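Heads up: the sequence shown runs through residues 383 to 809, numbered per the working numbering.
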Amino acid sequence: MATISSPTSRSPHKLVEQTIRTPGRQPSPQPTHFNVAHKNGNGNGNGHRVLRSATVGYVAPEFKGRTEQMSKVREQIKAMKWIPDELIDAQLEWFYNELGIDDVYFQTESVEAVVSNITSLYAAKVAAFAREDKRQEIRLDMESSDHAIYIDTSEPGISAIGGPRYEHRLEAKYLDTSSNQTFRVESFRSTSNLSSAPTPTKSSIRCYFVYQCQFVDPNPSLSETRLEVISDRMFLAKSTNNTKQIYQEIIELAVNRTGPVIEVFDIEDSIEKRLVVAFRRRTALGLFSALSDLYHSYGVTSSRKYVEQFSNGITVMSLYLKPASNLSKEFPTLEQSIHQITKEISLLYCIPQKSSRHCLPVGRLSLQETIYGHCVWVFVQHFLNRLGSEYSSLVSALDPNNSSHAEILSTIKRRLRTETFTSDYIL
């Protein structure tokens, strides 16, 4: 993890601390980004289409064996005796009906897995009660070859650098892998209280569910855009007609582009905005977690996030964004923040994953400043360590006692040190 040195250790000519803390500082002008032309004039005067709240998102198919499974889970928990009998029903009610987990999870998981998760969550609550600060930290992960579950507590709108970083973990293991297997992701932040304690807490539970894709047609043409052909079967079963229409339109644009396609939607009778990004799979490594760091820098949090894969090679990410009300720092309005976020996604798409992205989560540099730092970093490489490993290899290959060899080495060394690249030469 990257660390930032203290102000006293910085060179006196560096003004990073004063610059980033200037009151009222606003983002710098943004570069042109990939945009989607809207096909109609409906909206709130901001160019965004409006989605009817009743038609937004996903609706999980009903799990008819839910009640029977719940009874079996109760019996096993009671037999294990880890949870007091008088608290079992309350824990089951919280996990099944209040946490916000849909029926796909209960239909997919075995009774033993559900029991393990409920017991682990209860243990985390007991451990939190024993802490001096009474802070509840729930960290639960379950990984297998075809699906995974991650549950964590975090504060909305803040990138927890010291946390488990589950987004990075699932991204590296399931989304950005070079294997032929592809996975879809569903994530939501629960509105349920962590406990019945009267003391309010800023943290809430964030859940991630990863499922291996089962495509209708695993090998279609790369130009195929019909959802009924290229979709995952679970996506077709859960998504509303409105979501299918949105994905159909954005996929038709993405298959003809080399960069990302970005569109924002207003949601009727809701403060939330729906941000949808489509791109060619594995052309934007690390984008899922980087998006979180990006909207956190504008005081925005997500209530739900989805990553859908399609067998024609297109990935679509859908985020439901709203202001993080728990933050004390002042941020631009949601409309202004979303405008900046949509512009800066193209910067995230362009910047290499292994570059300066680590500066963004700590909040000391904006994405624009991070991009600038990356460009400067690449530029100064032409001036630092100019001799390089090749020169060392040449020295070891030549005879230093041979005057002609020594003269050649001296000439090469002098030229490498004095005749460096200029900005005009690089351009």
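From the three backbone atoms N, C-alpha and C, an ideal C-beta is built for every residue, glycine too.
Note that the structure is predicted; figures quoted are calculated from it, not measured.
Within the stretch 665-696, the beta strand (DSSP E) runs of at least 3 residues that lie entirely inside it are, in chain order, 682-691. Around the Cβ of ALA509, a 10 Å sphere holds fewer than 16 other Cβ atoms; the residue is exposed. In the DSSP assignment, ARG566 falls within the beta strand (DSSP E) that extends over 565-571. In the structure shown, ASP485 adopts helical secondary structure according to DSSP, grouped into three states.
Beta-bridge partners assigned by DSSP to PRO705: VAL682.
For LEU635, the enclosing alpha helix (DSSP H) starts and ends at 623-636. The stretch 714-724 makes no contact with the stretch 690-700; the number of CB pairs closer than 8 angstroms stays below 3.
Proximity to ASN479 across ALA461, PRO466, VAL497 and MET452 peaks at MET452, based on C-alpha coordinates.
Rounded to the nearest whole angstrom, the C-alpha separation of ALA636 and GLU606 is 11 angstroms.
The three-state reading of DSSP puts GLN594 in strand, counting E and B together. Between the C-alpha atoms of LYS725 and GLU475 there is a straight-line separation of about 43 angstroms. If you check the CB distance, VAL698 and ALA660 come in under 7 angstroms. Between the alpha carbons of LYS584 and PHE477 lies a gap of roughly 20 angstroms. Contact annotation, SER586 with ASP675: C-beta distance approximately 19 angstroms; criterion of less than 8 angstroms not satisfied.
Comparing alpha-carbon positions, the option among ARG608, LEU609, ASP614 and ARG588 lying closest to CYS595 turns out to be ASP614. When secondary structure is reduced to three states using DSSP, VAL758 falls in the helix class. If you ignore the 5 residues before and after THR564, its C-beta comes within less than 7 angstroms of the C-beta of CYS595 and GLN691, all in its own chain and listed in chain order. Remark: C-beta atoms of LEU657 and LEU703 approach each other more closely than 7 angstroms.
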